[in-house]
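Since the structure comes first, as structure tokens, the remarks are kept for the end.
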Amino acid sequence: PTDYTFVDADAGVHTFSGGLVPLKSANNRSVTAQGVSGPAVSAGSQSGINVSQNTTVGLQVLIQGETNAGGKMTAPAGKVPAVLNFTAGAPFSVVVNAVDTFWNVTPSSSPATVMVGTSDSFATPPGSRPLVSGATTFSTILVTAGAQTLTATGAGTANTSSNITIKAGTADRMLVVLPGEAQVQGKYLAAPLGKTGSPNGILAGQSFVASVYGVDAFYNTNTTDNTDKIWVTLSRSEENTSELQSLTNLVC
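For the sequence shown, my numbering assigns the number 24 to the initial residue and increments by one for each residue that follows.
Structure (structure tokens):
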């Protein structure tokens, strides 16, 4: 509450009509009143105030490195943020909490099972798990480089994680993309791997551009690999021979 200046009519007593609104659940909280001007007076304090969680209104998704901060209403609300950078294919943990309006973890919710999905269309969703005392932990793997998120649904309002940056792993193969095709990062299970479309027809004597990418096991471009030399050849299948075209730098 705001500061208050006593007047004679108060007779030494003032009630703060707005009351106190604690936001963070915790035991043994205390209230202290002290003078800020006028005659010197000793502060008064009352301890032993226990603040319990309110009813469950929804879920909270915390990515590995983040922690819950019940009562924190400034952005990012309800959590202590962290740098969320992970390598494609590397597992990391995801915590889902049932929370009240003020982001305090609540011990029960209905339903008690939550499901987590992902914006990464080429990754396997984490799936569903029961909440135990209002929380559960998933282990997940994302495979597509770029910004990704995870969303939890189930009890009350769904919640989407902070943005997660997925980085390409070490380049261990090359991907050739021809006119008519387009690179698709993260597409590592279904043919054509790492790309979509079909090559355009080419006339005899016609030049064309072949794009070569240094990619990881999930066909993400490793943008740090730009010094390796590569041979580019054109195969003539009718003669089972190859015609050397050029020696160039791998450009990602």
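Quick reminder that beta carbons are idealized off the backbone N, C-alpha and C, glycines included.
In the DSSP assignment, M197 falls within the beta strand (DSSP E) that extends over R196 to V200.
Shown here, A158 sits in a strand according to DSSP, grouped into three states. Counting C-beta pairs with one atom in each stretch, the region 57-75 and the region 144-154 have fewer than three that are closer than 8 Å, which means they do not touch. Shown here, A214 sits in coil according to DSSP, grouped into three states, outside any helix or strand. In the DSSP assignment, A170 falls within the unbroken beta strand (DSSP E) covering G169 to Q171. One alpha carbon belongs to I72, the other to K47, and they sit about 12 Å apart.
Short of 6 Å from the beta carbon of F231, and not among the five residues preceding or following it, lie these beta carbons of its own chain, in chain order: P202 and I225.
Scanning T247, G140, G157 and G217 for the CA closest to the CA of T193 turns up T247. Under the DSSP assignment, V117 falls in the beta strand (DSSP E) whose first and last residues are F115 to V122. Under the Cβ criterion (8 Å, minimum of three pairs), the region 107-119 counts as touching the region 158-177. Cα atoms of T78 and K102: separation of roughly 19 Å, rounded to the nearest angstrom.
Sixteen is the threshold: when 16 or more other Cβ atoms of the shown chains lie within 10 Å of the Cβ of Y236, as they do, the residue is buried. Rounded to the nearest whole angstrom, the C-alpha separation of D143 and V255 is 32 Å. With respect to G228, E204 sits apart: the two C-beta atoms are not nearer than 8 Å.
Ranked by how close their Cα comes to the Cα of V128, the residues G169, A178, T97 and F109 have A178 in first place.
For a cut-off of 8 Å, the C-beta gap from V80 to D123 is around 6 Å, short enough to register as a contact.
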